[in-house]
């Protein structure tokens with residue numbers, strides 16, 4: 110197994126979703142260079158257009174992190190995100206994108222270390238899938 | 041068909057004479073028999089030019105957004121138009137009180153391009169047709185050179201063949217006899233066929249359709265559900281859809297426009313009829329509509345005032361993706 | 006110079022042309038005909054029975070064209086395609102339209118290098134229309150099914166052969182290897198041309214059209230005309246004489262690009278302040294018609310329309326440009 114290729118990942122992270130300040134500090138400073146972090150005030154802010162922009166820019170995987178149902182800081186933002194983003198992933202899959210390139214991690218604040226496990230798991234999945242080739246039509250995003 | 045046109049005229053005249061509405065939106069003959077035009081009647085004495093036939097291909101509900109908010113509007117509507125209007129009302133785009141729906145059961149819209157081909161009329165030949173007549177299963181075209189008898193089934197627009205709701209809903213009056221809900225082809229046939237392809241085939245199919253797109257936005261303008269005063273395609277910061285006719289911009293255009301119709305699209309097919317490049321789009325919106333039905337039991341325009349699926353959510357939403 | 010191009014020799018002739026140039030011709034893909042570069046020359050490679058939907062002006066004014074790229078803090082020019090091209094099977098209306106646009110892009114005061122370079126490297130071999138369509142109205146706008154203005158070569162189909170007339174040095178160079186046409190053949194082609202012209206109905210006469218339209222400027226006429234109009238870009242994008250463009254900086258891509266624009270879009274004249282001098286479809290539709298039939302004439306002393314009929318065919322709302330001109334004349 111060679112390390113010739115590392116999957117490029119974009120994480121849309123809800124600013125309230127993580128367990129602790131320490132964990133957030135890890136996200137802010139310790140992420141490897143092939144993972145780009147974009148923080149949003151709520152997963153409900155994530156528009157399908159963010160996902161499409163990332164996929165078209167050649168990103169190999171998009172991880173969406175938000176709070177579990179019932180725990181949204183803004184009450185229902187995560188529920189709106191659920192429906193929209195789930196359906197948008199269905200649409201992209203319908204058009205040929207591998208479904209596993211978009212992963213959802215709805216995390217409860219009590220789940221210590223969850224985000225790191227999700228990222229590790231996601232990276233492993235993406236290595237299996239290989240480089241993203243479909244819908245990659247924009248100038249590559251700098252990740 | 042002529043009886044129906046007479047009935048529509050009578051009702052339009054009545055509405056205007058009795059000052060129930062300020063304008064009635066319907067169709068009139070254009071300069072070419074196969075291309076009736078949307079028409080706007082403001083005077084009872086002017087409704088003699090109102091026509092209705094299977095070549096009336098525009099979804100009239102798209103004109104509601106172009107009228108002034110103060111106007112009381114009467115509108116001729118078939119199944120798809122009436123369902124689109126229901127969604128528009130539930131989105132508070134229009135006040136139901138300001139609308140008078142003249143319901144017409146629909147036997148399907150005829151695709152004039154198919155008719156031209158079926159009759160072997162050659163390029164531009166559709167313009168030679170002087171008059172049309174619809175008699176049951178047949179469509180008769182009269183030109184200077186002769187008559188052409190076509191099978192209606194063979195020249196119907198694709199969306200109409202799959203239509204499950206030809207009868208209008210939520211109307212103030214319904215004219216004519218109900219058409220009945222037996223779709224000629226399976227409602228989700230297009231989606232099933234597409235899903236049967238491999239991911240690579242689906243992707244290539246999408247790319248091929250999108251390749252011809254010239255970003256004229258006729259699909260958007262013909263669609264009653266596209267009424268944003270600022271379309272996402274014109275945003276520059278960030279540029280969601282590149283302005284050029286490149287795969288990137290065009291893919292984003294088709295994907296996002298379709299997605300904006302999720303749970304809103306009445307499957308009328310006006311988008312495809314408007315497209316000058318024969319691009320297929322309903323395979324996208326049909327998929328989204330079916331998903332809404334399967335996931336959230338939501339049927340576009342089925343119930344008055346039903347909240348749109350993307351504006352509602354419950355804690356019970358299925359946890360397929362919550363882990 | 007008048008030569009003969011036998012249909013039996015068409016493939017070999019095109020092959021000869023393809024040695025020195027890329028040959029474009031109308032190609033049918035399912036039901037859509039468009040100008041494409043030929044990869045072969047046999048009978049099935051192109052179609053001459055219908056005009057393209059998308060206008061061939063795109064060969065000189067591409068719908069999207071990168072003007073320069075940004076690399077770091079440098080600007081890199083984009084190399085245009087300046088290879089030799091021959092466009093075979095372009096119709097007189099479209100060739101004439103390119104000539105009209107030369108007035109805009111290669112006029113006396115200013116030369117657009119992107120347009121002009123492509124024009125210089127391209128030869129237009131037009132196919133005259135022996136069987137004009139019902140939606141064609143070139144004769145009403147001062148042109149005709151065999152109007153050779155704008156074409157380097159005009160082909161007239163007289164059965165087994167095309168009679169090929171070259172009106173420019175570029176055209177003559179292309180035909181030099183062909184046989185001269187006989188007087189009989191020349192007469193047959195004149196006959197075919199006259200018959201085609203005579204067969205065309207003229208939906209209107211353009212005398213005094215500018216005055217008529219100016220006279221209607223503030224009239225309710227435009228409100229009536231625009232009511233069914235959806236405000237899309239079909240008529241403008243398919244039009245061979247429309248030429249408005251928008252220059253855009255695509256930041257994520259690092260390019261400045263020029264795209265076709267349409268006066269029918271709401272934001273076409275919208276200013277940065279938010280003010281829009283053409284705020285409703287009334288002003289925009291009025292502008293569209295008047296640009297074609299009045300303003301263009303003021304600038305270039307020509308009608309800005311060549312009667313190709315695409316707007317009539319493809320308007321999704323069934324609006325007929327010919328009908329609008331007729332109505333303006335009965336109203337005015």
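Residue numbers (our numbering), protein chains in the order written: chain F, 110 to 252; chain W, 41 to 363; chain A, 6 to 337.
Glycine included, each C-beta is placed from N, C-alpha and C at the ideal position.
If you check the CB distance, residue 184 of chain W and residue 170 of chain W come in under 8 Å. Per DSSP, residue 76 of chain A lies in no alpha helix (DSSP H) segment; the continuous beta strand (DSSP E) that holds it begins and ends at 69–76. Interface residue (Cβ-Cβ distance to chain A less than 8 Å): residue 177 of chain F is not classified as such. Counting C-beta pairs closer than 8 Å gives fewer than three between the stretch 306–318 of chain A and the stretch 251–264 of chain A, which falls short of the contact rule. Annotation for residue 266 of chain A: 249, 250, 251 and 273 place their beta carbon closer than 7 Å to its own, counting only its chain and skipping 5 residues before and after. Using a Cβ-Cβ cut-off of 8 Å, residue 117 of chain F does not count as an interface residue toward chain A, since no Cβ of chain A sits closer than that to its own. The residues 145, 327, 330, 331 and 334, in chain order, have a CB closer than 7 Å to that of residue 209 of chain A in the same chain once the five nearest residues on each side in sequence are set aside.
Close partners of residue 185 of chain F in chain W (Cβ separation under 8 Å): 353.
Of the other Cβ atoms in all chains shown, 16 or more fall within 10 Å of the Cβ of residue 70 of chain W; this residue is therefore buried.
Cβ proximity to chain F below 8 Å picks out 257, 258 and 259 from the stretch 239–260 of chain A. Residue pairing for residue 123 of chain F: DSSP places it in a beta bridge opposite F:149.
Taking a Cβ-Cβ threshold of 8 Å, the residues of chain W close to residue 157 of chain F are 296 and 299, in chain order. Judged by their CB atoms, residue 206 of chain W and residue 239 of chain A are not nearer to each other than the 8 Å cut-off. For the pair of segments examined, the stretch 278–289 of chain A was found not to touch the stretch 302–319 of chain W: the number of CB pairs separated by less than 8 Å stays below three. Only residues of its own chain outside the window of five on either side were considered, and among them 31, 33 and 38 have a CB closer than 8 Å to the CB of residue 55 of chain A, listed in chain order. Ranking A:87, A:303, A:131 and A:52 by CA distance to the CA of residue 99 of chain A puts A:131 first. When DSSP states are grouped into helix, strand and coil, residue 290 of chain W belongs to the helix group.
Annotation: residue 259 of chain A to residue 251 of chain F spans about 13 Å, alpha carbon to alpha carbon.
Taking 8 Å as the cut-off, the beta carbon of residue 134 of chain W is found no closer than this to the beta carbon of residue 141 of chain W.
54, 55, 56, 58, 59, 68 and 69: these are the residues of the stretch 46–69 of chain A whose beta carbon lies less than 8 Å from some beta carbon of chain W, given in chain order. By the Cβ-count criterion, residue 278 of chain A is exposed, with fewer than 16 other Cβ atoms from all chains shown falling within 10 Å of its own Cβ. Here residue 174 of chain F is bridged, per DSSP, to F:122 and F:214.
Neighbourhood of residue 294 of chain A in chain W, by CB distance below 9 Å: empty, with the nearest CB roughly 15 Å away. A Cβ-Cβ separation of about 36 Å leaves residue 248 of chain F out of contact with residue 128 of chain F under the 8 Å criterion. By the Cβ neighbour-count rule, residue 184 of chain F is exposed, with fewer than 16 other Cβ atoms within 10 Å of its own.
Interface criterion met: the Cβ of residue 237 of chain A is under 8 Å from a Cβ in chain W. Per DSSP, reduced to three states, the secondary structure at residue 196 of chain A is helical. DSSP, reduced to helix, strand and coil, places residue 174 of chain W within a strand of the structure shown.
One finds nothing in chain A with a Cβ atom closer than 8 Å to the Cβ of residue 275 of chain W; even the nearest lies about 11 Å away. Any Cβ of chain A closer than 8 Å to the Cβ of residue 248 of chain F would place that residue at the interface, and such an atom is present.
Counting along the chain, the unbroken alpha helix (DSSP H) around residue 120 of chain W starts and ends at 119–130.
Under the DSSP assignment, residue 42 of chain A falls in the beta strand (DSSP E) whose first and last residues are 37–42. A straight line joining the alpha-carbon of residue 298 of chain A with that of residue 214 of chain A spans about 7 Å. Secondary structure note for residue 28 of chain A: its beta strand (DSSP E) is the uninterrupted segment 27–34. In this structure, residue 46 of chain A keeps its C-beta atom at 8 Å or more from the C-beta atom of residue 86 of chain A. Close partners of residue 285 of chain W in chain A (Cβ separation under 7 Å): 68 and 69.
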